[in-house]
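Scroll down for the structure; my scribbles are underneath it.
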Amino acid sequence: MTSYSLLFHGYAKAYMVDQIWYENFKPPLNAFNFIDQYMQHRPDDILSEYCKKIFVCRSHQSGNGSEFSKFKGLQISIRTYEIFAMKVEKADTSSDIRRQILATLFNSLGSYYSITNQRIRAIDSFEKAYNINNEDLESLFGVAWWHRSEDPEKAIKLFHQYLDAAPECDKKYYDAYYSLSYIYFSVYKDITKGTEYYYKGLDAEKKQLPCLKAYDTASKLYAKLKMVNLGIHV
Numbered sequence: 001m002t003s004y005s006l007l008f009h010g011y012a013k014a015y016m017v018d019q020i021w022y023e024n025f026k027p028p029l030n031a032f033n034f035i036d037q038y039m040q041h042r043p044d045d046i047l048s049e050y051c052k053k054i055f056v057c058r059s060h061q062s063g064n065g066s067e068f069s070k071f072k073g074l075q076i077s078i079r080t081y082e083i084f085a086m087k088v089e090k091a092d093t094s095s096d097i098r099r100q101i102l103a104t105l106f107n108s109l110g111s112y113y114s115i116t117n118q119r120i121r122a123i124d125s126f127e128k129a130y131n132i133n134n135e136d137l138e139s140l141f142g143v144a145w146w147h148r149s150e151d152p153e154k155a156i157k158l159f160h161q162y163l164d165a166a167p168e169c170d171k172k173y174y175d176a177y178y179s180l181s182y183i184y185f186s187v188y189k190d191i192t193k194g195t196e197y198y199y200k201g202l203d204a205e206k207k208q209l210p211c212l213k214a215y216d217t218a219s220k221l222y223a224k225l226k227m228v229n230l231g232i233h234v
C-alpha cells in the first residue's frame, strides 16, 4: 500500500501547486479502481481522498460534450468539493496538509462559482482561500475581479496588491492591468487612466511564459472596444 500512497499523495500535491497540469497528465482509467481499493484500507488518508476527488471532478469536466453536460459536470464538481471541504475542515490531520487542501478546494470552488456566475459564493470562496494561504495570488485576483463594478475602489486596491506581489510572468498579471483599464473606463469614465492601463496590459502580455499563452479576456475586449469607439489607436 505504501507505493500507492506515494503515488496518490504525489499527484495531489502536484495538483495543489498547479491545477492546469491535469490535462497533460491524466490518470489512467484504472486509477479510479486502484484508489477505491486503497481507500478501503486507508479510509482516513485525507490526501489520497483528495486525489480521488480530483479524478472525479476533472473527469466530469473533460471531453467535448454538450454545453448542458459540461454544466452538469460543473454542478457535480461544485457539490463534490463543497462536501469534501466541510470534511477537511473537521479532519484530524497535519495542519500543513489540511491547510493546503482547503486553500486549493476553496480556490477551485471560487473558479467554479465564477463560471456559473455565483458572485457572492465566488468572493467568499476566494477570500477563504487567500486567508488560508496569502501566497495564493490567483484567489486574490479573483476577489478583486468580482469587486470591479460593485466596489471599484476596493478592486483597484486589491489589483495593485496583486501586481505588487505577483511575478510579471504570472498567468493573471496582464489581465490585472486590463481589469484596471475596465474600471477606469466603465466606472470612472477616466479615459487617460483607462488607456494607460490598457497599454500596460499589452506590455505585460509580452512577458508571459510560452506555456501560458495570453488570450483576449473580457476586460481587454471591453477596454479595446471603448478605445476604438473613442478613436484611440489600439
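Just so we're aligned, residue 1 is where the sequence shown starts under full-length UniProt numbering, counting upward by one.
Where a beta carbon is used, it is the ideal one built from N, C-alpha and C, also for glycine.
Going by DSSP in three states, residue i sits in which element: helix, strand or coil?
{"i": "C57", "result": "helix"}
{"i": "L158", "result": "helix"}
{"i": "S149", "result": "coil"}
{"i": "Q40", "result": "helix"}
{"i": "Q100", "result": "helix"}
{"i": "T195", "result": "helix"}
{"i": "Y15", "result": "helix"}
{"i": "L29", "result": "coil"}
{"i": "K171", "result": "coil"}
{"i": "L163", "result": "helix"}
{"i": "G201", "result": "helix"}
{"i": "Q75", "result": "helix"}
{"i": "H233", "result": "coil"}
{"i": "C211", "result": "coil"}
{"i": "D190", "result": "coil"}
{"i": "K206", "result": "coil"}
{"i": "E135", "result": "coil"}
{"i": "K220", "result": "helix"}
{"i": "K70", "result": "helix"}
{"i": "N107", "result": "helix"}
{"i": "A144", "result": "helix"}
{"i": "K90", "result": "coil"}
Buried or exposed for residue i, please, with buried defined as at least 16 other CB atoms from any protein chain shown within 10 angstroms of its CB.
{"i": "V228", "result": "exposed"}
{"i": "Q100", "result": "buried"}
{"i": "Y215", "result": "exposed"}
{"i": "G194", "result": "buried"}
{"i": "L209", "result": "exposed"}
{"i": "I183", "result": "buried"}
{"i": "I120", "result": "exposed"}
{"i": "A218", "result": "exposed"}
{"i": "L158", "result": "buried"}
{"i": "F71", "result": "exposed"}
{"i": "T104", "result": "buried"}
{"i": "K53", "result": "buried"}
{"i": "N30", "result": "exposed"}
{"i": "N117", "result": "exposed"}
Item to check | the segment 165-176 / the segment 187-194 touching (three or more Cβ pairs under 8 Å) | outcome: no
Checklist entry - Are there three or more Cβ pairs, one per stretch, closer than 8 Å when the segment 68-88 is compared with the segment 133-147? => result no
Checklist entry - So, do the segment 124-142 and the segment 43-61 have three or more beta carbon pairs nearer to each other than 8 Å? => result no
Checklist entry - Does the segment 32-46 come close enough to the segment 70-80 to have 3 or more Cβ pairs within less than 8 Å? => result no
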